[in-house]
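Chains as they are written, first to last, in my numbering: chain L, 22 to 186; chain F, 14 to 116; chain B, 4 to 410.
For glycine and all other residues, C-beta sits at the position ideal for the given N, C-alpha and C.
Being a predicted model, the structure only gives us computed values, none of them experimental.
Note sheet for the following structure.
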Amino acid sequence: MDAFLFFLFAAIAVACGINLVVQTHPISSALSLIGVMGALAVLYLLLGAEFMAAAQMIVYAGAIMVLFVFVIMLLNAGAETRKSRATFAKLLGVPALIGFLMTVSFLIQALLPRTEPVKFGAFTGGTAQAIGKKLFTEYLLPFEVTSVLILIAILGAVVLARKEI
Amino acid sequence: MPQTVPLSWYLILSAILFGLGVAGFIFRRNIITVFMSIELMLNAVNLSFIAFSYQLRQVDGHIFSFFVMVVAAAEAAVGLAIILTVFKNRATLAIDEVNSLKN
Amino acid sequence: MEFIIISLIKAALVAFVLLTLAAYLVWIERKVLAHIQLRIGPYRVGPHGLLQPLSDLIKLVTKEGVIPSQVNKFYYLLAPFLAVALALISISVVPFGAQIELFGYKTYLELANVNIGILVILAVSAMSVYGVALGGWASNNKYSLLGGLRSSAQMISYELPMSLALVSPLLIANTLSLREIAEMQSGFYLGFIPKWFIFNAQAPQIFAFVIFMIAAFAETNRIPFDLPEAENELVAGFHTEYSSTCFAAFFTAEYVNMVTISALATHLYLGGWNPALPEPVASVVPILLFAGAGLLLFFHGMQTLATRTWDKYTFPVFGVVAFGLAGVFSLKYLTFLPAPLLAIGGALHPVFWFAAKVGAILFLYIWVRGTLPRFRFDQLMRFTWTFLFPVAIVQLLATGLIVALGN
């Protein structure tokens, strides 16, 4: 069952990822990215990260991607116009990517020969309580710094989106 | 069909998604799609963080991907504001037409 | 195997009850709105228009489904599917009664007992914006596009106060499981004030409840926040181009979302399935209520107006149904009956209280629709960002402080 779920959702993630790169219309790309995020959320659950799976759906798919879709709809962006690419990219792009990915996969397999099999339920430390406890004790300073970062981001976004610029 | 898969396969999946993100970043011309490719790369990295967290039986990896998520949210807010401004000034979303610093 | 069969039975039951409820909610809404406006409302199809939902359904399904020629067909059809599927998924983690033991099986009255139930509901409801936004975009119509834009902006904005309001009962409960939250709220202060979070002695959640309800109205696109489908500005907003089954899907999704969010509010603030009154009285309330309704129906059936000749036959039938319900709720007092019947009788009381609270909130939805005018879009945004959001933060801080000092 674990393997079946992994293959199913890994296949969905990869298919959506390819679709993101291939599609010309930004909305199609955005929806593919949402598909990747949903599939990854299921894989997080398999890895015992229940809080992160929920956060992935709420923050990433539910807030950040809505913002993307909103901007795409607001600008009414049409499909990308095709432009002839460099011959180098046209000929070597896809083979180079596949070769690179195969090398990386081989390296991972070679460097980590005996990783343990993933069983659902073997790691149950990813609860909201555990994450909250870590976040507010050990990682308190990064947490506070992130809040400042977000404040700066809000200010930046407001300044950038003003009418006068 | 095997009952379980080794953890390294999760890492390979993460690498594949990261590679796709890089490909999208390089080959696409629409600025929003380029931005979404970056998000795909961040997601791939999150997956490997959580896979390592499973291997080590520690929750720290989750915290890291939590921070990645927060930074991605901030980045999306600022980045989309920049995209809006660019579109307002130039009426285009193609990144190779936004090149006034070049000439 | 046993688990799968029980789950399938429960899923079928929940889906049937929920979809019927959604259909009859439309009837109730039309009736209540009509009576608020001194009209009669649906009356022709069946006694008191009770078969109206059925005829609406037949009408919607048999109509020709027009797909406009300029639309993006895949996304156009994906949008209503997404809307209704996500709406139905989120109800699956909501419990609606205490544990029940039937024929030796112990089972919870919910589809999935998830320990992060609230996060699941939040995640699914965060996704449900795509149904509306995508439908608006794929229709290739400027009114639909405006509706979709408005809905995505509105959903993002109102999700913040809603989440903040929802966190403060979680701070008191210290768990994310809806079942545990509901169980925590049983009992009474001084013997008669229920220990619901809205009346919590340490930190009463009354402000959180009000903020949550306001944000919930916006999340479900209901008046006064139904800007995505404002008919006098945008024709019909995001579903202008939809007809037939696709339109029915959007319609169902809206009502199912209302039920889900009312159930969530009931669990978080109004004590879930815990009765509002102390025990000896609480068990008698449903019996008296239904028996009284039955008597009233019989009484009205006897002396009907000349213009309503049908009531002579229909009211006594309804009266018998009401007496039957009263009988079902009094099952638990008839100790000579076999054990399964007693168990059912006992399990129905929590379900009654839960349904009563959800029904009260749903009535509030309809009442507000009959009362308030629609916001303007800039007012809507200003209201949430300059008023609702700061208030939500302040009340969360206050609750957090009280909980921290209390420990």
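Point to revise | Leu30(F) and Leu53(F) closer than 8 Å at C-beta | key: Residue mapping note: residue 30(F) aligns to position 17 of the second sequence, counting from 1. Residue mapping note: residue 53(F) aligns to position 40 of the second sequence, counting from 1. Yes, the Cβ-Cβ distance between Leu30(F) and Leu53(F) is below 8 Å.
Check your understanding: Do you know how far the Cα of Leu24(F) is from the Cα of Ile70(B)?
Key -> Against the third sequence, residue 70(B) aligns to sequence position 67. Against the second sequence, residue 24(F) aligns to sequence position 11. A straight line joining the alpha-carbon of Ile70(B) with that of Leu24(F) spans about 44 Å.
Point to revise | Nearest-angstrom beta carbon gap, Met94(L) and Leu54(L) [assumed within contact, 8 Å] | key: If you number the first sequence from 1, residue 54(L) lands on position 33. If you number the first sequence from 1, residue 94(L) lands on position 73. For a cut-off of 8 Å, the C-beta gap from Leu54(L) to Met94(L) is around 15 Å, too long to register as a contact.
Check your understanding: Just how far apart, CA to CA, sit Met187(B) and Leu114(B)?
Key -> Here residue 187(B) corresponds to residue number 184 of the third sequence, with the count starting at 1. Here residue 114(B) corresponds to residue number 111 of the third sequence, with the count starting at 1. Across the structure, Met187(B) and Leu114(B) are spaced so that their CA atoms are roughly 20 Å apart.
Exercise for review: Indicate whether the contact test is met: 3 or more Cβ pairs, each with one atom in the segment 252–268 of chain B and one in the segment 341–348 of chain B, closer than 8 Å.
Suggested key: Look at the beta carbons and you see the segment 252–268 of chain B not touching the segment 341–348 of chain B: under three pairs across the two are nearer than 8 Å.
Point to revise | Cβ neighbours of Ile108(F) in the same chain (closer than 8 Å, five flanking residues each side left out) | key: Reading the second sequence from its first residue, position 95 is the one you call residue 108(F). For Ile108(F), where only same-chain residues beyond five positions count, the Cβ hits under 8 Å are Arg42, Asn43, Ile44, Val47.
**Study point:** Near-chain B residues of the segment 79–95 of chain L (beta-carbon distance less than 9 Å), N- to C-terminal order
**Key:** Listed by position along the chain: Ile79, Val80, Ala82, Gly83, Ala84, Met86, Val87, Leu88, Val90, Phe91, Ile93, Met94, Leu95.
Exercise for review: Taking only the alpha-carbon atoms, compute the straight-line gap between Lys122(L) and Gly37(F) and give it to the nearest angstrom.
Suggested key: Walking along the first sequence from the start, residue 122(L) turns up at place 101. Walking along the second sequence from the start, residue 37(F) turns up at place 24. Per the sequence shown, residue 122(L) should be read as Leu rather than Lys. Their Cα atoms are separated by approximately 14 Å.
Check your understanding: Does the Cβ-Cβ distance between Ala75(L) and Ile7(B) come in under 8 Å?
Key -> Here residue 75(L) refers to the residue found at position 54 when the first sequence is read from its first residue. Here residue 7(B) refers to the residue found at position 4 when the third sequence is read from its first residue. No; because the gap between Cβ atoms is not below 8 Å, this pair is not in contact.
Review point. Assuming Pro231(B) contacts Arg153(B) under a Cβ cut-off of 8 Å, what Cβ separation, rounded to an integer in Å, is found between them?
Key: Locating residue 231(B) in the third sequence gives position 228, counting from the first residue. Locating residue 153(B) in the third sequence gives position 150, counting from the first residue. That belief holds up - the Cβ atoms of Pro231(B) and Arg153(B) are roughly 5 Å apart, short of 8 Å.
Exercise for review: List the endpoints of the continuous alpha helix (DSSP H) containing Ala22(L).
Suggested key: If you number the first sequence from 1, residue 22(L) lands on position 1. The amino acid at residue 22(L) is misidentified as Ala; the sequence shows Met. Counting along the chain, Met22(L) falls outside any alpha helix (DSSP H), and DSSP gives it neither H nor E.
Review point. Since Ile129(L) meets chain F, which of its residues come closer than 7 Å, beta carbon to beta carbon?
Key: Translated into the one-based positions of the first sequence, residue 129(L) becomes position 108. For Ile129(L), the chain F residues whose Cβ falls inside 7 Å of its Cβ are Ser21, Leu24, Ile25, Ala28, in order along the chain.
**Study point:** Tyr316(B) classed as buried or exposed, judged by whether at least 16 other C-beta atoms fall within 10 angstroms
**Key:** For the purposes of this step, residue 316(B) is identified with residue 313 of the third sequence, where counting begins at 1. Flag for Tyr316(B) reads exposed.
Exercise for review: Please list the segments of the beta strand (DSSP E) lying wholly inside the segment 75–122 of chain B, counting only runs of 3 or more residues, in order along the chain.
Suggested key: The qualifying runs are 103–105, 108–110.
Exercise for review: Taking 8 Å as the threshold, find out whether the segment 240–249 of chain B comes into contact with the segment 4–23 of chain B through three or more Cβ pairs.
Suggested key: Short answer: they don't touch.
Check your understanding: DSSP beta-bridge partners for Phe77(F)?
Key -> What you label residue 77(F) is simply residue 64 of the second sequence in a count that begins at 1. Bridge partners of Phe77(F): none, in fact.
Review point. If we ignore side chains and look at the alpha-carbon of each, how far apart do Gly297(B) and Gln306(B) end up?
Key: Numbered from its first residue, the third sequence carries residue 297(B) at position 294. Numbered from its first residue, the third sequence carries residue 306(B) at position 303. Gln306(B) has its alpha-carbon roughly 15 Å from the corresponding atom of Gly297(B).
Review point. Going by Cα to Cα distance, which pick from Val35(B), Ala294(B), Phe77(B) is closest to Ile48(L)?
Key: Counting from 1 along the first sequence, the entry for residue 48(L) is found at position 27. Looking at the Cα atoms, Phe77(B) is the closest of the given residues.
Point to revise | Cβ-Cβ separation, Pro289(B) to Phe357(B) (assumed contact under 8 Å), whole Å | key: The residue labelled residue 357(B) in the question sits at position 354 within the third sequence. The residue labelled residue 289(B) in the question sits at position 286 within the third sequence. For a cut-off of 8 Å, the C-beta gap from Phe357(B) to Pro289(B) is around 12 Å, too long to register as a contact.
Review point. Name the DSSP bridge partner or partners of Tyr272(B)?
Key: Within the third sequence, numbered from 1, the residue matching residue 272(B) stands at position 269. Tyr272(B) is bridged by DSSP to nothing; it lacks a bridge partner.
Review point. Per the contact definition of three or more C-beta pairs closer than 8 Å, is the segment 154–167 of chain B in contact with the segment 122–134 of chain B?
Key: Cβ pair count under 8 Å is three or more, so yes.
Practice item. For His38(B), count neighbouring Cβ atoms within 10 angstroms of its own Cβ and tell me buried if that reaches 16, exposed if not. Key: Position 35 of the third sequence, counted from the start, is the residue given in the question as residue 38(B). Note on His38(B): under 16 other CB atoms within 10 angstroms of its CB, so exposed under the neighbour-count rule.
Check your understanding: Could you give the residue range of the alpha helix (DSSP H) that holds Glu282(B)?
Key -> As a working note, residue 282(B) is residue 279 in the third sequence. Element bounds for Glu282(B): 282–305.
**Study point:** Buried or exposed (CB count within 10 angstroms, at least 16 for buried), Arg182(B)
**Key:** Taking the third sequence and counting its residues from 1, one reaches residue 182(B) at position 179. By the 10 Å Cβ count, Arg182(B) comes out buried.
Check your understanding: With DSSP run on the structure shown, which of helix, strand or coil describes Ala107(F)?
Key -> As a working note, residue 107(F) is residue 94 in the second sequence. The answer is strand: DSSP assigns Ala107(F) an E or B state.
Review point. In its own chain, which residues sit with a C-beta less than 6 Å from the C-beta of Val361(B), not counting the 5 before and 5 after it?
Key: Taking the first residue of the third sequence as position 1, residue 361(B) is located at position 358. Setting aside the 5 residues that flank it on each side, Val361(B) is surrounded in the same chain by Ser265, Ala266, Thr269, each with a C-beta closer than 6 Å to its C-beta; the list follows chain order.
Check your understanding: Hey, would you say Gly373(B) sits closer than 8 Å to Leu125(B), going by beta carbons?
Key -> Here residue 373(B) is taken as the residue at index 370 of the third sequence, counted from 1. Here residue 125(B) is taken as the residue at index 122 of the third sequence, counted from 1. It is not a contact, given that the beta carbons lie outside the stated cut-off.
Practice item. Within its chain, find whatever has a CB closer than 7 Å to the CB of Ala395(B); leave out the 5 residues flanking it on each side and keep chain order. Key: Within the third sequence, residue 395(B) is the residue found at index 392, counting from 1. Only Pro164, Leu167, Ala168, Ile214 meet the Cβ criterion.
Check your understanding: Got a sec: is the Cβ-Cβ distance from Ile48(L) to anything in chain B below 8 Å?
Key -> Here residue 48(L) refers to the residue found at position 27 of the first sequence. Answer yes: the Cβ-Cβ gap between Ile48(L) and chain B drops below 8 Å somewhere.
Check your understanding: When the Cβ atoms of the segment 91–111 of chain F are set against those of the segment 207–224 of chain B, are three or more pairs found closer than 8 Å?
Key -> Here the segment 91–111 of chain F makes no contact with the segment 207–224 of chain B; the two share fewer than three CB pairs at distances below 8 Å.
Review point. Would Val139(L) be called buried (16 or more neighbouring beta carbons within 10 Å of its own) or exposed?
Key: Locating residue 139(L) in the first sequence gives position 118, where the first residue counts as 1. By the Cβ-count criterion, Val139(L) is buried, with 16 or more other Cβ atoms from all chains shown falling within 10 Å of its own Cβ.
Practice item. Measuring only between beta-carbons, confirm whether Ala36(L) sits less than 8 Å from chain B. Key: The residue labelled residue 36(L) in the question sits at position 15 within the first sequence. Not an interface residue.
Review point. Got a sec: is the Cβ-Cβ distance from Leu106(F) to anything in chain L below 8 Å?
Key: Counted from its first residue, the second sequence places residue 106(F) at position 93. So, interface residue.
**Study point:** Thr23(B) versus Val371(B) - alpha carbon distance
**Key:** In the third sequence, counting from the first residue as 1, residue 23(B) sits at position 20. In the third sequence, counting from the first residue as 1, residue 371(B) sits at position 368. Going by the C-alpha atoms only, they are around 23 Å apart.
Check your understanding: How would you write the range of the alpha helix (DSSP H) that Val132(B) sits in, first residue to last?
Key -> Walking along the third sequence from the start, residue 132(B) turns up at place 129. Its alpha helix (DSSP H) spans residues 132–141.
Point to revise | Beta-carbon neighbours of Trp356(B), restricted to chain L and to distances below 7 Å | key: Counting from one through the third sequence, the residue named residue 356(B) turns up at place 353. Listed along the chain, the chain L residues whose CB falls inside 7 Å of the CB of Trp356(B) amount to none; the nearest CB is some 29 Å away.
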